[in-house]
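Here's the structure we're looking at; comments come further down.
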Amino acid sequence: EEIAKHKAGIFQRGRPAFVATNGMSGSVQQVIAEIAHSVGAPLSWIPPADLGQSPSHGARPLAQFLQVKGFSHMLQVPLLGDYQRSNAALALALLLELRSSKLPLKSRPEILEGQLDDLTIVEGLKATAWPGRLDWRQLDDGRKILLDGAHNPHAAKELGSYVAHFVRPQPVQWIIALSYGKDAKGILQELLQDEDSLIAVSFSKVEAMPWVRPESPAELVKLAREVRPTIRAKEAATFFTNCFLEGGCFFG
Numbered sequence: 011e012e013i014a015k016h017k018a019g020i021f022q023r024g025r026p027a028f029v030a031t032n033g034m035s036g037s038v039q040q041v042i043a044e045i046a047h048s049v050g051a052p053l054s055w056i057p058p059a060d061l062g063q064s065p066s067h068g069a070r071p072l073a074q075f076l077q078v079k080g081f082s083h084m085l086q087v088p089l090l091g092d093y094q095r096s097n098a099a100l101a102l103a104l105l106l107e108l109r110s111s112k113l114p115l116k117s118r119p120e121i122l123e124g125q126l127d128d129l130t131i132v133e134g135l136k137a138t139a140w141p142g143r144l145d146w147r148q149l150d151d152g153r154k155i156l157l158d159g160a161h162n163p164h165a166a167k168e169l170g171s172y173v174a175h176f177v178r179p180q181p182v183q184w185i186i187a188l189s190y191g192k193d194a195k196g197i198l199q200e201l202l203q204d205e206d207s208l209i210a211v212s213f214s215k216v217e218a219m220p221w222v223r224p225e226s227p228a229e230l231v232k233l234a235r236e237v238r239p240t241i242r243a244k245e246a247a248t249f250f251t252n253c254f255l256e257g258g259c260f261f262g
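Here the numbering used here is used: the first residue of the sequence shown is 11, the next is one more, and so on.
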C-alpha cells in the first residue's frame, strides 16, 4: 500500500489515469482510488486481456493472441507470460485515449503515417520486442536457452509458472546472477525445484550505476541449498559482462 501511494503520486487533476488490476489486492485498489479522487484524476481500471485462440500449433507458442473487450481486432503480441496480457491491455487503453484526445502524436514516419487507426495499433503491438523477458535464444550448437530478468519474488513467480508449464517436468539448469540487496532467497524459492541444478554467477561493474553490485555467488549457492537442500549448486569460475541472465543484467 505504501508503494501504491508513491506510484499514485503522479496523478494530476483532470488528467485520466489508467491502472492495471492484475494481481492487485482490494486494499491497494482502495488506496489508489482515494488518491485519484482527492486530486481529481479520472480513474480507469484495466483488466488483463483475454487469451484468444492461437492459429499456431506446438508445445511452446512464440506469441500470445489476445482479445480486449471493446476492441474488435485480435492482438498478436510476441511477448510471453501471463503478465503481458495486462501490459498489452494497458498499452491499448492508453493508445485509445491518446487517439480520442486528438493530441498530435510524433513517431518515425515508417511507424506512424497519418492517424492512429486500429490496424496501426495492431501492427505496432505485433512488432513489440523486449529482449531478456521470457526470451528464447538458440545457441550455435542448437541448444535453446531462456533468458529472463526477473529481479523480485513476484516476477520470479511468473517466470517459475512459465517454466513449469513449458519446460518441466524435465529438470532445469539455472544460471543466476542477482544484484546485492535483492530478496535472493524469495526469488530462489519461486524458481528452484529439488531436481534442478544451479550455477551461480557474478557480473561486472555497471556503467554509470556504481551503486549496483552483484550478490556473492557463494551466498546464492548457500541460499539455494537452504531453499532446496538436495539441489546441485556451484559457483561459476568467471563472471559475465553485457549479459542477459536471470536477474543479472536488469537493475531495478
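Idealized CB from N, CA, C, for every residue including glycine.
How long is the line joining the alpha carbons of Asp-145 and Val-177, rounded to whole angstroms? Taking the first residue of the sequence shown as position 1, residue 145 is located at position 135. Taking the first residue of the sequence shown as position 1, residue 177 is located at position 167. About 13 angstroms.
If I'm right that Met-84 touches Gly-62 with Cβ under 8 angstroms, what's the distance once you round it to whole angstroms? Counting from one through the sequence shown, the residue named residue 84 turns up at place 74. Counting from one through the sequence shown, the residue named residue 62 turns up at place 52. Going by Cβ atoms, the distance from Met-84 to Gly-62 rounds to 5 angstroms, so yes, they are a contact pair.
So for Leu-208, helix, strand or coil by DSSP? For the purposes of this step, residue 208 is taken as residue 198 along the sequence shown, with counting starting at 1. Strand at Leu-208.
Give me whichever residues DSSP pairs with Phe-75 in a beta bridge. Within the sequence shown, residue 75 is the residue found at index 65, counting from 1. Paired residues: Gln-86.
Does Pro-71 pass the burial test, meaning 16 or more other C-beta atoms within 10 Å, or should it be called exposed? Counting from one through the sequence shown, the residue named residue 71 turns up at place 61. Pro-71 comes out exposed.
Would you mind reading off the limits of the beta strand (DSSP E) that contains Phe-28? The sequence position of residue 28 within the sequence shown is 18, counting from 1. Start and end: 27-30.
My understanding is that Ile-155 touches Leu-208, with C-beta atoms under 8 angstroms, so please give their C-beta distance in whole angstroms. What you label residue 155 is simply residue 145 of the sequence shown in a count that begins at 1. What you label residue 208 is simply residue 198 of the sequence shown in a count that begins at 1. Not a contact, Cβ separation roughly 15 angstroms.
Kindly indicate the opening and closing residues of the alpha helix (DSSP H) around Ile-42. In the sequence shown, counting from the first residue as 1, residue 42 sits at position 32. Element bounds for Ile-42: 36-49.
Ile-13: buried (16+ other C-beta within 10 angstroms of its C-beta) or exposed? As a first step, residue 13 is located in the sequence shown; it is residue number 3 there, counting from the start. Exposed is the call here.
Determine, using beta-carbon pairs with one atom in the region 126-143 and one in the region 24-39, whether at least three such pairs fall under 8 angstroms. no
Skipping 5 residues on each side, what residues in its chain have a beta carbon closer than 6 angstroms to that of Ser-46? Taking the sequence shown and counting its residues from 1, the one referred to as residue 46 is at position 36. Residue identity check: residue 46 is Ala in the sequence provided, not Ser. So the qualifying residues of the chain are Phe-21, Ala-27 and Leu-53.
If I'm right that Ile-42 touches Ala-18 with Cβ under 8 angstroms, what's the distance once you round it to whole angstroms? Position 32 of the sequence shown, counting from 1, holds the residue named residue 42. Position 8 of the sequence shown, counting from 1, holds the residue named residue 18. At roughly 5 angstroms, the Cβ-Cβ gap stays under 8 angstroms, so Ile-42 and Ala-18 are in contact.
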